[in-house]
Every structure is written in C-alpha cells, then in structure tokens.
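Here is the structure we will look at, set down as structure tokens.
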Amino acid sequence: MLERRLSTHREQEQFQDALFRIEQLRKNILDSTYFNVATLSPDGILLEIGQTPSEDAWLQNDVLIGKPFVEASWWSCSPVVQQQLRHAIQQAAGGENVQIEIAICPSETFYRDIDVTITPRFDADHNVRYLTYGGRDITQRRQAEEEIRVLVDAIPQLVWIARPDGSHDYCNQQWYDYVGLAREQTQGMAWIQSLHPEDQQNALHTWQTAVQTGAIYEVEQRVRNGRTGEYRWFLVRGVPCRDAQGKIKNWFGTCTDVHDKKQMEEALRLSEARFKALFDANIIGIGLADPQGRMYEVNEALVQMFGYTREELLSNIHWDEITPPEFRERDLNTLRELREQGVGLPFEKEFVRKDGRRVPVVIGSALLSEESDIFISFMMDVTDRKQLEQRKDEFISIASHELKTPLTVLKLLLSRLSRKLVREGITESEKELVRMEAQVNTLTRLINDLLDVSKIQLGKFDYIDEPLVFDTVVREVVNTLQQITTTHTLCLHSTSNCQITADANRLEQVVTNLISNAIKYSPQADKVDIDLAASENSVLLKVRDYGVGIPRKYQKTIFDSFNRGTYTRKERGFPGLGMGLYISREIVKQYGGSISVESEEGEGSTFAVSLPLLTK
Ligand code: ADP
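In the numbering used here, the protein residues as written are 536 to 1151.
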C-alpha cells in the first residue's frame, strides 16, 4: 500500500515536473521574437497571446483579448488579408491544419510577410476546443529570397530551381532569354522540349533517377537557342537541397555553356585520333625525342628501321649513339632550327642500326608545343632510292666512259677523212662533213657533261688550280663561241682585271655553259651582253640574253642535276639534258662563289657568277 502510494507520489512529481517544463516551453515559444503564438476560440475570438519583446512587435495583447482576432488593426488595414485569415480560422475550426502566407502593410513604412499556421485543438470527444495561431515573421527570409533571385538573375549561367517531384519551379532570366520562351512554357517538365531531340531521352531518364535517389544530376546536353535555333552544349548540374530531416526541399541547378570547350575537346580528340592513325599506320617512322636525345615514343616502323626493340629505344638508346659522327653537326643545326622556327627542315641523314648497318633516311622534325622542347621527327627509309641512285650513277659513269671511246675514235676518223678529201680535191661532201663534225661535237659535249655529273656525284671531280686572270678566260670563251655562232653577236663590255687562283678549264666550262645557254634560249634575238666587274673581294660576271626567259617557279630548280624547265623541253624543243647549270654551280661552289639568275618570262635572263678573289 505504502509502495503504491510512493509510486503514485513519484508519478505525481514526474507529472508536475513535465507540466512545468511544457509550460516553460510554451512560454518560451509564446515570447519568441520571430514567432507569435495565440490561442483563439473556434469562432475566432482571441483568448490568449504571447508577449512580443522586440521593438517592432505588432501584436498588443491588452487591446485584443476577448475580441475577434481578424479585427485587430494590423489585419484590418487590408480587407483581403482579413478575408484570408477569416477563411483560415473557419477551416481550422472545421478541424483542418491550415497554413497560409499573408503580407500586411498597416502603414507606408511598415511591411511584413507572415507565415500563418492555425491548428485545431480537440477535446476528448474530438470537438475543436480551441485554435492555436502561430505567426512567423518571414519578412527577412522573403527579402533574402528576393535578393537571391536578383543575384541569380545576375549570374551569367542559366539557373533553375525544381520541386522535390522534379518539376521545374523557377528559372533565372538568362534561361528565358536563351531558350526564348515565356515562364509558363518551360514550367514543370516542359523544359525538356528545349533540349536536342537526341538528348531528351537520356536527360529525362537521368533526371528521374536523380529525383528518385537524391543523387546529384550531372549531364552534358544540347539546349536550343530560341533566337538562332542553334543547339549549344551545356553542362547541366542539379543539387538537392534538404531540410533538417534530410528531406529534399527543392533542387538547385545550373546550366553552364561548355559548347566551345566541347568543340575544342572534340577537335583535339579528332586530331589525336588522326595523329594516332598516322602514328600507327607505320608508313613512315615517327619518333618523339628531346634535344638531349632521349626518345619518348616510337612507332613500329621506326622500331623496324633501327632494328632495336621499343624498350631499348625508349630506355637505353640515345639519338647520338645511333647517329654517325658526320651527321651530328647537321643534327645540331636541326635543333637550332627547331628552337628558332619550330620546324627542322627535311634533310638526308643516316642512322646506325643495331646490326651495324646504316640506314639512309629523309628526316623532318617539328616542335610539339612551345612550352615543351620535345619534338616529333618523321623519318622515311630511302634505302631503295639510294640504291637506285647509286645504280643510276654507276650506269651513267660506265655508259659515258663506254660512249666516249668510240666517239673519240669517230672524231679522229672524221678529221682524217676530211683532210684526205681536201687533199684529193673532193669538195661535194664538205657540207655533210661539217654537219657530221658538229653532231659529233654536240655528242662529245653531252658525254663529257655526263661524265662530269657522275664524277661530282661520286666526289671524284678534280681541279687543277693555277693563278689566272679571269678576264682572259672569259675573253677566250667569247672568241671561240663567236667563231661558231652565226646568229648572235657576243658583246663583252667591260674588264675586271682580277687575278684569281682556279682551274682555267673548269671556269671555261662555266662561262661556255652560260653563253651557250644565252644563245640557245634566245632564238629570236641577235646579241648577248657580257659584263665583267670587280669589287674589293670578288669578281662578277654577268651574261644577259633577250630570249624566252625563265618562269619564276623554275628559277630555283634549274641548278639541280637533270632539271630542265618543262617549258624549254615540251613547248619549244630546245635540246639539252639539264646538266650544264648543275656542273657550273658545283664548280663555282668549289671556289666559294655563287651563281644566280634574274629573269622575266619572255624578256630574257641575266645569269650572274661571283667568285671571291681569295680563292685557293
Ligand atoms: P640544258 O640547257 O642542257 O637543259 P642547263 O643545266 O644548262 O641544261 O639549264 C637547265 C635549264 O635552265 C634549261 O633546261 C632551261 O630550262 C633553263 N635555262 C638555262 N639557261 C637559260 C636561259 N639563258 N634562258 C632560259 N632558260 C634557261
């Protein structure tokens, strides 16, 4: 019994304690600055109201108790607000929990947004006994929201807010401007229509999954520009915003224009794919290296060309190790070109393979980027071409030797025959004999030229140097050619009186070639001008003709062996093999001089040879 009483007593104490704490809590809530709480009768009479200690407290309890709540001055300033509140009280009196937002403005300087909750309290018979009114001042929150909206509108990105169910609620001005649609046209799920048809399915699926799972939504999709009709790529991100209980309140999202970036990435991807295709095609050897000679990447063609394994090339083998010493200087030159122009012009070199054999290649290089000093080299194995060239050189050398002997005999026999006929007084065949001699001379010149080209290419072209006056060489050639030229006058205008040390026969070859060409390529003209001039360091010869001239595009290549301007070969039928200028340039080069041409098509050409006075 005592125990029972004690326990009842303890329960009583606990009950009292709980009541006290509830009362304290209720008072705290009632007295809260931001939350005004009142008790109303079901017909809207104010029974009790919490104190509002803040300065702008807008409820004054003394005045109101016992009167209809809706008639308080702060509501009565707006019949609409009064009506809203009256309706809410009626609903609550009917047993519903009611929540509404109302805006009051009792004076010009006073404005409030209030979040109103009216909750019915029931008695044991489930009749509404009284109503609890809660009024939360959300003015600052609304202002902050408005500020956020202004801020969001100022963001260059497209911004959107969606409801927990995934339907779009709000988008910033940039979105409407971009898609060119009014607010109601992109509300809910209508935004999908602004996406590229190919992206709609994926966007919808990903969005629905995100809404269901609460995972971050991140998709690249094309959005249509309403003004231009163009679709641009956007990175669309949506992040769920949760309340204290972790429930999603809404989604905040942005659309960032990544079109240019994406296109650049695409271009980069394409170019990488193309490069990879080129790299893997193995048509030519490709390697990446740095100026120190370390190799970073090599393709299969290069591996085959060098005879080392890829691993050996990338870890142990140094560029210099596989470059024969005579090509190192040229390699340094390429590194200079790469530094200065970003490109190393193609040239021929050799590499030493693992088995010791040499492989001739044409190699061209380019710096990969300005930031790094890694460069890429393209190498073409020219072994076959080299072998062919060698065979050609050997053939020319053998053929010209073989031709020269019978021709010398023929020339000898011809002059013997000619003398015999003169002695015997037979004159009928004189003309034919002269023509035969001329043909044999032309043939001899051609064969001599062939022999010279072959000697130059085999490095066996010899020079017998002696001191000489250059004018003498020129004058002798002019005199000789003038005797056999009936069509042109060779006008030697000036003198230089320069003494040089050189091979007279070789210089004669040069001058003969220039003057013969001047005559040959000016069939309509009747003179060739020849000038000599001396400067402090050199002697200059100019041969000017008034003939067909040389088109600009051929002017560089006519000095290469067997290179003839097609215009002279095809259209005009000028005889020749394209060896004279090549031999002339080699001879002039031997003495440290230069040879050049200035020409206008149809107006003739001027060839200039400059020889330094201090020749060896
Ligand atoms: P070839 O005259 O035997 O063809 P060259 O080496 O002497 O060989 O000349 C090479 C080419 O240069 C000629 O085929 C011709 O096209 C061009 N050329 C040389 N000299 C002249 C010139 N004076 N006028 C026009 N074209 C010339």
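Positions of the beta carbon are idealized from the N, C-alpha and C atoms, including for glycine. Source: prediction; values computed, not measured.
What separation, rounded to the nearest whole angstrom, lies between the Cα atoms of residue i and residue j?
| i | j | result |
| --- | --- | --- |
| T1005 | C1033 | According to the sequence shown, residue 1005 is Phe rather than Thr. Rounded to the nearest angstrom, the two C-alpha atoms are 6 Å apart. |
| G1082 | Q1059 | 7 Å |
| Q626 | P577 | 10 Å |
| Y766 | E832 | 40 Å |
| Q675 | E906 | 54 Å |
| R1079 | Q1017 | 15 Å |
| D1038 | N1072 | 19 Å |
| V754 | E846 | 42 Å |
| V1008 | L1042 | 7 Å |
| L923 | V917 | 10 Å |
| S1140 | P881 | 31 Å |
| D734 | Q756 | 6 Å |
| G828 | L903 | 15 Å |
| R951 | M971 | 13 Å |
| G601 | R664 | 16 Å |
| P1147 | R926 | 36 Å |
| E1138 | G1084 | 6 Å |
| A623 | E631 | 9 Å |
| D660 | P603 | 25 Å |
| K830 | D855 | Note that residue 830 is Met in the sequence shown, not Lys. Taking the straight line joining both Cα atoms gives about 11 Å. |
| H1023 | E1136 | 20 Å |
| V897 | A1069 | 41 Å |
| S589 | K796 | Legend: pLDDT at S589 = 41, less than 50; position of this residue unreliable, no value from coordinates given. |
| V957 | S964 | 10 Å |
| G822 | L848 | 10 Å |
| E929 | I1065 | 37 Å |
| W710 | K784 | 22 Å |
| R777 | R698 | 11 Å |
| D866 | P859 | 11 Å |
| A1053 | V1063 | 7 Å |
| Y998 | V1045 | 13 Å |
| A725 | E835 | 55 Å |
Which residues mark the beginning and the end of the beta strand (DSSP E) in which residue i is found?
| i | result |
| --- | --- |
| H731 | From DSSP, H731 is part of no beta strand (DSSP E); its letter is neither H nor E. |
| P1147 | G1139 to P1147 |
| E967 | Run containing E967: none in the beta strand (DSSP E); it sits in the alpha helix (DSSP H), E965 to Q992. |
| K658 | The displayed chain sequence assigns Asp, not Lys, to residue 658. Where D658 is concerned, there is no enclosing beta strand (DSSP E), given that its DSSP letter is neither H nor E. |
| D578 | It is not in any beta strand (DSSP E) - D578 carries neither H nor E in the DSSP assignment. |
| K1062 | K1062 to A1069 |
| I821 | G820 to A824 |
If you check the beta carbons only, do residue i and residue j fall under 7 Å apart?
| i | j | result |
| --- | --- | --- |
| G877 | S900 | no |
| L978 | S935 | no |
| S481 | L993 | Residue coverage of the chain in this structure runs from 536 to 1151, which leaves residue 481 outside it and unanswerable. |
| I639 | V616 | yes |
| V746 | G701 | yes |
| F1094 | R1120 | yes |
| L1025 | V1012 | no |
| L599 | A607 | yes |
| C790 | L686 | no |
| V969 | L945 | no |
| T1205 | T654 | The structure shown does not extend to residue 1205, since the chain spans only 536 to 1151, so no value can be given for it. |
| D650 | I683 | no |
I'd like the list of long-range same chain contacts for residue i, defined as Cβ closer than 7 Å, with 5 residues on each side in sequence excluded.
| i | result |
| --- | --- |
| S1129 | V1123 and S1145 |
| R762 | G715 |
| Q722 | H703 |
Skipping 5 residues on each side, what residues in its chain have a beta carbon closer than 6 Å to that of residue i?
| i | result |
| --- | --- |
| E939 | As written in the sequence, residue 939 is Lys, which differs from the Glu given in the question. Taken in chain order, the residues that qualify are I982. |
| S932 | S989 |
| F862 | K884 |
| I493 | Nothing in the structure corresponds to residue 493, since the chain is present only between 536 and 1151. |
| D688 | N707 and Q708 |
| S1131 | A1143 |
| E583 | T574 |
The alpha helix (DSSP H) with residue i in it runs from where to where?
| i | result |
| --- | --- |
| G1157 | No statement about residue 1157 is possible, as the shown extent of the chain runs from 536 to 1151 and does not include it. |
| E753 | Where E753 is concerned, there is no enclosing alpha helix (DSSP H), although the beta strand (DSSP E) it sits in stretches over Y752 to R759. |
| N1014 | F1005 to I1019 |
| D688 | T674 to A689 |
| L956 | T918 to R958 |
| K811 | H794 to A816 |
| A1039 | A1039 to K1055 |
| Q625 | P614 to A628 |
| V714 | Q708 to V714 |
| M840 | E835 to F841 |
By Cβ distance, which residues of its chain are closer than 8 Å to residue i, with the 5 residues on each side in sequence left out?
| i | result |
| --- | --- |
| H731 | Q756, R757, V758, R759 and Y766 |
Within 7 Å of any Cβ in chain D, is that where the Cβ of residue i sits?
| i | result |
| --- | --- |
| Q925 | This model lacks chain D altogether; it includes just one protein chain. |
Comparing the CB of residue i with every heavy atom of the ligand HEM, is any distance shorter than 6 Å?
| i | result |
| --- | --- |
| N1052 | Looking at this structure, you won't find the ligand HEM anywhere; what it does contain is the ligand ADP. |
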